[in-house]
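Structure, as structure tokens:
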Amino acid sequence: MARPPNAWHEVATAAQTRNPPGIESAWSRLEERCMHEDVSIIIACEQAIRRFALYNDRHDHAGLAALFTDDGVFARPSAPDAPVRGREAILQSFRERAPRTTCHLMLNTLVSVQSHTLAHAHSHVLLYTADATSAAPPWTAQAPALLGSFEDVLVLEQGRWLFQQRLGSLLLRVGAG
Numbered sequence: 000m001a002r003p004p005n006a007w008h009e010v011a012t013a014a015q016t017r018n019p020p021g022i023e024s025a026w027s028r029l030e031e032r033c034m035h036e037d038v039s040i041i042i043a044c045e046q047a048i049r050r051f052a053l054y055n056d057r058h059d060h061a062g063l064a065a066l067f068t069d070d071g072v073f074a075r076p077s078a079p080d081a082p083v084r085g086r087e088a089i090l091q092s093f094r095e096r097a098p099r100t101t102c103h104l105m106l107n108t109l110v111s112v113q114s115h116t117l118a119h120a121h122s123h124v125l126l127y128t129a130d131a132t133s134a135a136p137p138w139t140a141q142a143p144a145l146l147g148s149f150e151d152v153l154v155l156e157q158g159r160w161l162f163q164q165r166l167g168s169l170l171l172r173v174g175a176g
């Protein structure tokens, strides 16, 4: 029975033919495919991290909660010891927050691909806030700005990279008097 062509089959076939250039070429194609897959995963995970910040700033709570698995866990950097469990509870926790204007800047994001369905990520977040207002921008930011970090576990579910766990911690209060 003939096997469908795949990178591992190409490597094994090249090794059996005792053709060193063939095996090197097959290995090269395998490495290229793996690297392309890793890059695609990294980009998708970075996009999820950026969407979280965007949806948070736009008060798109439903969009933000949809970035989590059904059993996802979220802990704000300002409340690392109070994790919220479950997509619906995460949605409710954002809806219950007092209105304010925010700007979340995601920085130094590093995604580590664990498998084709699992990735870990670390990023810093710089948060500026202002009172809720109907005035047009620019707004005056309140002091202090906050610098925190997130440790994320992302999983591939139904073709989408989702947060299974997003745990924050606070690092600095920038401009505190």
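Everything in the sequence shown is counted per numbering that gives the first Met the number 0, starting at 0 for the first residue and increasing by one. The beta-carbon is built from N, C-alpha and C at its ideal position, and this holds for glycine as well. All of these numbers come straight from a predicted model, not from anything done at the bench.
What three-state label does DSSP hand residue i in the structure shown?
{"i": "residue 64", "result": "helix"}
{"i": "residue 58", "result": "coil"}
{"i": "residue 39", "result": "helix"}
{"i": "residue 159", "result": "strand"}
{"i": "residue 76", "result": "coil"}
{"i": "residue 131", "result": "coil"}
{"i": "residue 52", "result": "helix"}
{"i": "residue 96", "result": "coil"}
{"i": "residue 140", "result": "coil"}
{"i": "residue 81", "result": "coil"}
Can you give the Cα-Cα distance for residue i and residue j, rounded to whole angstroms?
{"i": "residue 136", "j": "residue 174", "result": "21 Å"}
{"i": "residue 128", "j": "residue 89", "result": "21 Å"}
{"i": "residue 92", "j": "residue 74", "result": "11 Å"}
{"i": "residue 147", "j": "residue 169", "result": "4 Å"}
{"i": "residue 114", "j": "residue 37", "result": "9 Å"}
{"i": "residue 2", "j": "residue 120", "result": "For residue 2, the predicted structure reports a pLDDT of 42, less than 50, and the residue's modelled location is therefore unreliable. A value from the coordinates is still provided. About 36 Å."}
{"i": "residue 116", "j": "residue 134", "result": "44 Å"}
{"i": "residue 72", "j": "residue 138", "result": "32 Å"}
{"i": "residue 172", "j": "residue 160", "result": "31 Å"}
{"i": "residue 57", "j": "residue 150", "result": "23 Å"}
{"i": "residue 40", "j": "residue 156", "result": "13 Å"}
{"i": "residue 35", "j": "residue 162", "result": "22 Å"}
{"i": "residue 81", "j": "residue 51", "result": "19 Å"}
Quick check on this structure: which residue in the options has the alpha carbon closest to the alpha carbon of residue i?
{"i": "residue 98", "options": "60, 142 and 43", "result": "60"}
{"i": "residue 140", "options": "148, 131 and 53", "result": "131"}
{"i": "residue 79", "options": "172, 166 and 57", "result": "166"}
{"i": "residue 101", "options": "45, 53 and 114", "result": "53"}
{"i": "residue 152", "options": "144, 47, 105 and 142", "result": "47"}
{"i": "residue 104", "options": "145, 76, 71 and 126", "result": "126"}
{"i": "residue 158", "options": "33, 49 and 43", "result": "43"}
{"i": "residue 164", "options": "34, 143, 144 and 69", "result": "69"}
{"i": "residue 122", "options": "49, 81 and 40", "result": "49"}
{"i": "residue 118", "options": "32, 31 and 45", "result": "45"}
Since residue i and residue j should fall inside the 8 Å C-beta cutoff, what is the C-beta to C-beta distance between them, to a whole number of angstroms?
{"i": "residue 55", "j": "residue 63", "result": "6 Å"}
{"i": "residue 76", "j": "residue 124", "result": "7 Å"}
Do the region 78–97 and the region 109–116 meet, that is, are 3 or more Cβ pairs less than 8 Å apart? no
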